[in-house]
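This report refers to the structure that appears directly beneath it.
In my numbering, the protein residues as written are 17 to 186.
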């Protein structure tokens, strides 16, 4: 029996981060290649993609990978793990994912905002404007850690997820 390789969604559905590229394919895998030597760095499993063209993307800092899925979820993977903690983990495969039920249809797009601090500043200014009655105060926006994720589904629904790290005041 001749086995055909999975159909990849290579050029229109790749994402670059420094010298790494993500390639999605219809075998429900996201592959991370190193462009310096064209080697497969890691294979990410967990999401469902049997017939759609779903792209994976990096977070703005390269610490996470996200993709939509045919089962209405979004899937997130860390790009770096401390493999010393795992007894039988392979460095070239990553089965450790988190998922969020994001939509009621196939999630066709999931991307991280390239500069989440802009969105956090706007949110802070909107909250401040609601709490202050035109006192004429000007505020500066302090850098905030976190992530903003935008997703869309096959029916046209768009959602924004915000994960803002809380600051600890001493």
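Using N, Cα and C, we set each Cβ at its ideal position, and we do this for glycine too.
In this text the structure is predicted, and so the values were computed from the model without any measurement.
| Check | Outcome |
| --- | --- |
| For the putative contact between residue 131 and residue 76, defined by C-beta atoms under 8 angstroms, what is the C-beta separation to the nearest angstrom? | 7 angstroms |
| Near residue 171, which residues of its chain fall below 6 angstroms by C-beta distance, leaving aside the five closest residues on each side in sequence? | 121 |
| I'd like the span of the beta strand (DSSP E) that includes residue 114, first residue to last. | 113–117 |
| Enumerate in chain order the residues of its own chain whose CB-to-CB distance from residue 180 is below 7 angstroms, with the five nearest sequence positions on each side excluded. | 136, 160, 162 |
| Quick one: what does DSSP say residue 170 is sitting in, helix, strand or coil? | coil |
| With a threshold of 16 other CB atoms inside 10 Å of the CB of residue 110, please say whether the residue is buried or exposed. | buried |
| Assign residue 173 to one of two classes, buried (16 or more other C-beta atoms within 10 Å of its C-beta) or exposed (fewer than that). | exposed |
| State buried or exposed for residue 164, treating a residue as buried only when at least 16 other CB atoms are found within 10 Å of its CB. | buried |
| Can you tell me which of the three DSSP states residue 140 falls into? | helix |
| From the DSSP output, read off the bridge partner residues of residue 47. | 39, 59 |
| Answer with buried or exposed for residue 169, where buried requires no fewer than 16 other C-beta atoms within 10 angstroms of its C-beta. | buried |
| Can you tell me the Cβ-Cβ gap for residue 56 and residue 63, rounded? I've got them flagged as a contact below 8 angstroms. | Not confirmed; about 18 angstroms, so no contact. |
| Leaving out five residues on either side along the sequence, give the residues of the same chain with a beta carbon under 7 angstroms from the beta carbon of residue 46. | 38, 40, 60, 72, 81, 83 |
| Consider the Cβ of residue 166: report whether some Cβ of chain D lies at a distance smaller than 8 angstroms. | No chain D appears in this structure, which consists of one protein chain only. |
| As a quick exercise: from 143, 166, 68, pick the residue whose alpha carbon is nearest that of residue 43. | 68 |
| Pull up the distance between the alpha-carbon of residue 176 and that of residue 114, whole angstroms please. | 17 angstroms |
| By the 10 Å Cβ neighbour count, where 16 or more other Cβ atoms means buried, how is residue 158 classified, buried or exposed? | exposed |
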